[in-house]
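Here the structure is laid out as structure tokens; the discussion comes afterwards.
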Amino acid sequence: MVVAAEIGGLFDPFPYPLEFLEPMTPQRLLLTLLATALLSLHGACTSQESSPQPVPKLASRYDTAQPISELMKWVIDPAADTLWDAVSWISNEKGTKANAPKTEEDWNALHVQASILVESANLLMLEGRAKDEGLWMEKARQFGLEARKNLKAIEERDVEKLFELGGDLDHACESCHLKYANYQSTSASK
Ligand code: HEC
């Protein structure tokens with residue numbers, strides 16, 4: 003510390019009491035190291051707090067507690083039934099009468115149900131619901147594609163098309179059921 007004391011004497015660049023520059027003892031070294039370590043630890047903690055939270059594991063990100071049977075019963079089946087019932091033809095001696103959506107409100111109601119079906123295909127593919135990564139995904143995707151065709155027909159106000167598509171949609175349901183559900187829906191007769 004002789005050097006520092008001499009410089010201090012010349013132009014005093016170091017306005018601290020000289021005892022601050024006392025020789026480094028092992029105890030002082032330890033204290034200094036400890037203080038430095040604590041400071042950098044504090045820095046690490048604060049920088050971690052400001053960084054984004056880690057993304058949760060996929061399996062816990064979605065609430066898939068509602069079993070597939072409930073999803074079918076309360077979401078998919080009612081939506082599909084509304085589409086299947088939307089168009090029919092009644093024939094009698096006076097001719098054929100179409101039962102079809104007419105008003106904007108009728109079409110909007112169908113638009114809601116078709117959207118539910120399109121999105122339901124995604125719900126079936128969620129981790130926690132999907133039965134496997136192969137055939138199940140294919141069946142769910144096919145179902146989604148059929149649902150989307152229905153949505154398009156509704157957007158285009160195409161009654162004939164909507165009627166035609168009913169069979170394909172039903173086929174998409176049954177083709178998955180045959181493989182995974184051991185279940186024959188009543189709509190198979192439609
Ligand atoms: C990707 C596969 C898949 C597709 C597509 C699918 N389902 Fe299902 N469905 C299942 C499975 C699996 C079950 C059996 C669930 C169980 O019992 O655990 C089921 C069961 C059902 C049930 C019985 C629910 C109950 O009360 O237990 C109905 C109704 C149903 N599906 C209707 C439909 C309709 C309508 C469609 C098409 C618009 C459809 N499903 C499309 C897989 C599918």
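The numbering used here runs 2 ahead of the 1-based position in the sequence shown. Positions of the beta carbon are idealized from the N, C-alpha and C atoms, including for glycine. Keep in mind it's a predicted model, so treat the numbers as computed, not measured.
Taking DSSP as the reference, what is the three-state secondary structure of THR84?
When secondary structure is reduced to three states using DSSP, THR84 falls in the helix class.
Secondary structure at GLY97, three-state DSSP: helix, strand or coil?
DSSP places GLY97 within a strand segment (E or B) once states are collapsed to three.
Counting pairs of beta carbons, one from the segment 146-154 and one from the segment 105-119, are three or more of them closer than 8 Å?
Yes, since at least three Cβ pairs between the segment 146-154 and the segment 105-119 fall closer than 8 Å, the two stretches touch.
List the endpoints of the continuous alpha helix (DSSP H) containing TRP76.
Following the DSSP letters along the chain, one finds TRP76 in no alpha helix (DSSP H), marked with neither H nor E.
For the alpha helix (DSSP H) containing MET139, list its first residue and its last residue.
Going by DSSP, MET139 is part of the alpha helix (DSSP H) stretching over 137-157.
Can you tell me where the alpha helix (DSSP H) holding VAL89 begins and where it ends?
Run containing VAL89: none; DSSP gives neither H nor E here.
Exposure of ASP160, with buried meaning 16 or more beta-carbon neighbours within 10 Å
That one is exposed.
Using a beta-carbon distance below 9 Å, is GLU162 in contact with chain C?
Reference to chain C is not applicable here, since this structure consists of a single protein chain.
By the 10 Å Cβ neighbour count, where 16 or more other Cβ atoms means buried, how is ASP172 classified, buried or exposed?
Buried, by the Cβ-count rule.
Is the beta carbon of LEU112 closer than 9 Å to that of ALA88?
In this structure, LEU112 lies closer than 9 Å to ALA88 by Cβ.
Using only CA atoms, which one of PRO54, ASP134 and GLU140 lies nearest to ALA123?
Nearest C-alpha to ALA123: GLU140.
Helix, strand or coil for ASP108 per DSSP?
The answer is helix: DSSP assigns ASP108 an H, G or I state.
Taking 8 Å as the line, does the beta carbon of ALA174 fall inside it for any heavy atom of ligand 1?
Shortest gap from the CB of ALA174 to any heavy atom of ligand 1: under 8 Å.
Using three-state DSSP, classify ASP172 as helix, strand or coil.
In this structure, ASP172 counts as helix in the three-state DSSP scheme.
I'd like to check one pair, LEU126 with LEU85: are the Cβ atoms closer than 9 Å?
At least 9 Å separates the beta-carbon of LEU85 from that of LEU126.
Can you give the Cα-Cα distance for CYS175 and GLU158, rounded to whole angstroms?
Their Cα atoms are separated by approximately 24 Å.
To the nearest angstrom, how far is the alpha carbon of GLN144 from that of GLU107?
Approximately 29 Å, taken between the alpha carbons.
Nearest candidate by alpha-carbon position, reference PHE165, set PRO69, PRO103 and SER177
Nearest neighbour of PHE165 by Cα position, chosen from PRO69, PRO103 and SER177, turns out to be PRO103.
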